[in-house]
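Reading through the structure tokens given below for one structure.
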Amino acid sequence: MQASEESVKDAVVGVWTFGSYETKDIDGSDVAYPLGEHATGMIMYTADGYMSVQIGAAGRPAYADGALHGGTDAERAAAAAGYLAYTGTYSVDVDVITHHPVASLFPNWEGSDVPRRATIQNDTLSLDLLEPIQQDGQARTGTLRWHRASAL
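Residues in the sequence shown are numbered from 1 upward in steps of one, following the UniProt record's numbering.
Here it is, written out as structure tokens:
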């Protein structure tokens with residue numbers, strides 16, 4: 001959907017379930033899934049400009065001690081490596097949704113702008129990274145795909 005700012009903002013409002021997060025090297029020949037091919041999560045957009053996203057890799061091991069704020073250094077590192085989460089506000093400029101995180105598991109995003117090109121087709125929202133990211137020392141493009149959640 002290439003549309004006006006209002007129609008994109010109206011179209012994204014609601015809850016979306018995670019479909020995939022894939023990255024590709026710059027020539028598109030190598031595809032990777034930073035959180036695995038079976039990650040789960042949701043992204044939520046409110047009509048008044050708030051958003052929140054949580055994505056977790058499948059099969060993350062539980063902490064052996066079972067304590068919410070426990071775990072060994074290695075367990076906490078593994079839990080964080082398999083998770084992406086942030087919350088804040090968002091703005092729309094034509095087909096670019098910019099997230100403005102106030103809290104993020106990746107602290108570098110707090111207080112920054114995280115822009116994504118939005119495409120909506122049927123009940124699928126695709127968010128494309130506007131700038132390449134570094135993954136394993138290599139510049140890569142990326143796309144996150146979401147599916148509109150059904151009402152409970």
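Every residue, glycine too, gets a C-beta built ideally from N, C-alpha and C.
Note that this is a predicted model, so its numbers are computed, not measured.
Distance between residue j and residue i (C-alpha atoms, nearest Å)
| i | j | result |
| --- | --- | --- |
| HIS99 | ASP48 | 13 Å |
| ALA62 | VAL94 | 42 Å |
| SER52 | HIS69 | 22 Å |
| LEU125 | SER150 | 14 Å |
| GLU110 | ALA79 | 20 Å |
| HIS147 | PHE18 | 6 Å |
Any non-hydrogen atom of the ligand FAD closer than 8 Å to residue i Cβ
| i | result |
| --- | --- |
| GLY88 | In the structure on display, the ligand FAD does not appear, and there are no ligands present to speak of. |
Buried versus exposed call for residue i [16 or more other C-beta atoms within 10 Å across all chains shown]
| i | result |
| --- | --- |
| ARG76 | exposed |
| VAL102 | exposed |
| TYR86 | buried |
| VAL12 | buried |
Three-state secondary structure assigned by DSSP to residue i
| i | result |
| --- | --- |
| ILE133 | strand |
| SER7 | helix |
| ASP73 | helix |
| ALA80 | helix |
| residue 153 | Absent from the model: residue 153. The displayed extent of the chain is 1 to 152, so no value can be given. |
| PRO34 | coil |
| PRO61 | coil |
Sequence-distant residues of its chain with Cβ nearer than 7 Å to residue i (five each side left out)
| i | result |
| --- | --- |
| ALA139 | ILE26 and PRO132 |
| MET44 | VAL15, MET51 and SER52 |
Beta-carbon gap between residue i and residue j smaller than 9 Å
| i | j | result |
| --- | --- | --- |
| THR119 | GLY28 | no |
| ARG145 | LEU129 | no |
| GLY56 | TYR83 | yes |
| SER91 | ILE97 | yes |
| THR72 | ALA81 | no |
Residues of its chain near residue i, where Cβ-Cβ distance is below 6 Å and the 5 sequence neighbours each way are ignored
| i | result |
| --- | --- |
| HIS38 | ALA58 |
| ALA32 | THR23 |
Contacts around residue i, its chain only, beta-carbon distance under 8 Å, and the 5 residues preceding and following it disregarded
| i | result |
| --- | --- |
| GLN135 | THR23, ALA32 and PRO34 |
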